[in-house]
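Visitor: In the working numbering, the protein residues as written are 22 to 353.
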Ligand code: TYM
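1) Whose C-beta lies closer than 6 Å to the C-beta of residue 247 among residues of the same chain, with five residues either side of it excluded?
2) Can we say the stretch 84-95 touches the stretch 137-149, given the rule of at least three CB pairs closer than 8 Å?
3) Say the cut is 8 Å; is the CB of residue 209 nearer than that to a heavy atom of the ligand SAM?
4) Relative to the C-alpha of residue 183, which candidate in 176, 174, 190 and 194 has its C-alpha closest?
5) Between the beta-carbon of residue 190 and the beta-carbon of residue 60, is there less than 9 Å?
6) So for residue 200, helix, strand or coil by DSSP?
7) In this structure, what does DSSP give as the bridge partners for residue 167?
8) Quick check: does the Cβ of residue 175 come within less than 8 Å of any heavy atom belonging to the ligand TYM?
9) Verify whether the separation of the beta carbon atoms of residue 50 and residue 167 is less than 9 Å.
10) Nearest to residue 336 by CA position, among 101, 32, 136 and 159, is which residue?
11) Apply the 10 Å Cβ neighbour rule to residue 241 and answer buried if 16 or more other Cβ atoms are within range, or exposed otherwise.
12) Between the stretch 117-134 and the stretch 149-157, do at least 3 Cβ pairs fall closer than 8 Å?
13) Here's the rule: buried if 16 or more other CB atoms are within 10 angstroms of the residue's CB, otherwise exposed. What is residue 269?
14) Could you spell out the range, first to last residue, of the alpha helix (DSSP H) harbouring residue 119?
15) Would you mind stating whether residue 164 and residue 27 have Cβ atoms separated by less than 9 Å?
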């Protein structure tokens, strides 16, 4: 029998999730769970690299677990767990730290961006973020990492570290590949389409949150920045409209070309309402299911225990191999 491919991905519980997190990551995870061995985590250890309110972090962690399930992740089919529940992530990170270079980490785009944004708190964890992410991925002998465009550089570092370790100590890690889809992998801000849509944008009109109700979704799309033409067409010169076409295609499950055809000859007003309605139609049942799940904490906690147990077993296998290879004494 052919071995099933291993998939790993995670989201940080560091704010209100946006539709970018959904189309770039979670919605693709759902499609993969029948075919592959999937590990999906809540990356709480990554989240603390910028200051978090502890009570809020705890709350958001459970909300994210409920959201994964509400979006269609089936905990019977994959390992759904919280990163800090599986100690091997931190342990492997430490070993990888010894082969990761300060120079390469300081050149990472996200590190540079976040250092600017959080100039008062440029901590070691922020710089080490990609090494912890490499540990996440490599622990499970992952082949594919479904992420949005902004995480490609981090998956590449995970590849580099895997190859470097294998060259130094002998074949240990599988070298993972990023999986980035054509639509939905880079959703941009509705107010400034040159920037990615982000959980932490201060302008609340810039992002559609997965918790936004229908009226809010419709209003934000109505206010989305476009251009002075009146032609729904995908083009680099029309970043606002192109972004909306990408969102529509990702939520509709069609291609951008099909979306363009559908709105040929139609005005921006009609187009924006259609995008809003489509997104709101997808979000409503997810929100309802998430609320139901959050009412049953016992179920969520048991699910997480099972997920962590599953992940722990796989992680332990790789970590003991790593400890042996680097020369940690494990008895004669
Ligand atoms: P986070 O929480 O910042 O993002 C989670 C996922 O959402 C994608 N994403 C987007 N996709 C499209 N358009 C956007 N505007 C947009 N914004 C975010 C991200 O690319 C990501 O896939 N560091 C990771 C979390 C992580 C991880 C891992 C991922 C921790 N360990 C191991 C993969 C493998 C992150 O970006 O989180």
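Note that the Cβ used here is the ideal one computed from N, Cα and C, for glycine as well.
Guide: Looking at the coordinates:
1) 261, 262 and 289
2) no
3) As far as ligands go, the structure on display features the ligand TYM and does not contain the ligand SAM.
4) 194
5) no
6) strand
7) Bridge partners of residue 167: 200.
8) yes
9) yes
10) 159
11) Residue 241 should be labelled buried.
12) yes
13) buried
14) Here residue 119 belongs to no alpha helix (DSSP H), and DSSP marks it neither H nor E.
15) yes
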